[in-house]
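Residue numbers (our numbering), protein chains in the order written: chain A, 1 to 110; chain B, 111 to 206. Here is the structure we will look at, set down as structure tokens.
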Amino acid sequence: MVKKSQTKEKSQSAELDPEMRALGMIETRGLVACIEAADAMAKAANIALTERRAIGGGYMTIMVRGHVGAVRTALEAGAKAAKLVGEVEAIKILPAPNSLVEDILPGIIA
Amino acid sequence: MLIARVMGTAVSSTKHKALLATKLLIVCPANADGDVCGDPFLAVDLVGSGEDELVIVSQGSSARVATDYKNSPVDAAIVGILDSLQYDEKTRFRKE
């Protein structure tokens with residue numbers, strides 16, 4: 001089984017082809033819900049977990065990359081699982097992020 | 111109910127509204143030793159199972175009852191993950 005989850009920038013080896021550039025984000029309140037969402041997303045579709053970010057106050061965000069259909073499926077599955085465990089604050093998919101967006105988000109593989 | 115092995119995931123963007131926000135997994139029927147022995151089909155995952163796990167699949171109207179989807183085309187649902195299978199006084203399969 002190929003392990004795709006990476007939480008640090010040293011995922012340079014995880015080459016993503018240009019079609020796998022949809023960006024999905026899920027924000028939870030609490031770490032347990034965040035990890036549950038990550039596990040559910042990884043099991044739901046062929047995506048890469050590229051970052052886990054805490055912005056204070058207990059808010060955790062996970063970023064995923066992949067094909068837009070896979071990212072959408074993964075986000076729905078992740079949100080459904082995380083809602084049972086904690087609070088899901090937001091989920092959002094960007095099917096084709098502009099390169100300027102990629103520049104301001106360190107850790108996202110372009 | 112069937113014993114089945116999860117082979118992978120299935121992604122579908124265009125689908126019936128009852129299948130929105132479902133996790134679809136490719137499963138293959140297995141025998142009581144855990145060896146795959148049938149043709150793959152799709153099942154809705156209800157328990158958070160992952161690739162290469164041996165799972166319990168419920169089919170037909172039982173699957174519809176197990177899900178939240180009362181008027182849906184779902185006829186196969188993963189309702190459990192198997193830890194071990196024993197018969198003839200021996201353990202035939204154990205989850206690593």
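A virtual CB, placed ideally from N, CA and C, is assigned to each residue, including glycine.
ask   = Quick one, which of Ser122/B, Leu135/B and Gln169/B has its alpha-carbon nearest Met111/B's?
value = Gln169/B
query = Name the chain A residues that come within less than 9 Å of Ser182/B, Cβ to Cβ?
reply = Within 9 Å Cβ-Cβ: nothing; Ser182/B doesn't reach chain A, min ~16 Å.
query = What residue does the alpha helix (DSSP H) around Thr124/B start on, and which one ends it?
reply = That residue, Thr124/B, is in no alpha helix (DSSP H); it is neither H nor E in DSSP.
task = Give every residue of the same chain whose Cβ lies closer than 6 Å to the Cβ of Leu195/B, excluding the five residues on either side of it in the sequence, and list them in chain order.
result = Ala142, Arg202 and Phe203.
task = Could you work out which residues of chain A lie near Gly158/B, taking near to mean beta carbons separated by less than 8 Å?
result = Asp39, Ala40, Lys43 and Ala81
Cys147/B to Ala140/B span [Cα, whole Å] = Straight-line spacing of the CA atoms in Cys147/B and Ala140/B works out to 5 Å.
task = Report the three-state DSSP secondary structure of Gly144/B (helix, strand or coil).
result = In this structure, Gly144/B counts as coil in the three-state DSSP scheme.
ask   = Considering only residues of the same chain and omitting the five flanking positions on each side of Lys180/B, which have a CB-CB separation below 8 Å?
value = Arg174
ask   = Taking only beta-carbon atoms, is Lys127/B less than 7 Å away from chain A?
value = Taking Cβ atoms only, chain A never reaches closer than 7 Å to Lys127/B, which makes this a no.
ask   = Using a C-beta cutoff of 7 Å, does Ala70/A count as contacting chain B?
value = yes
Neighbourhood of Ile55/A by C-beta, 8 Å cutoff - its chain only, sequence neighbours within 5 removed = Closer than 8 Å at Cβ, skipping near neighbours: Thr61.
Under 7 Å from the C-beta of Thr119/B: neighbouring residues of chain A = Ala44, Ala45 and Asn46
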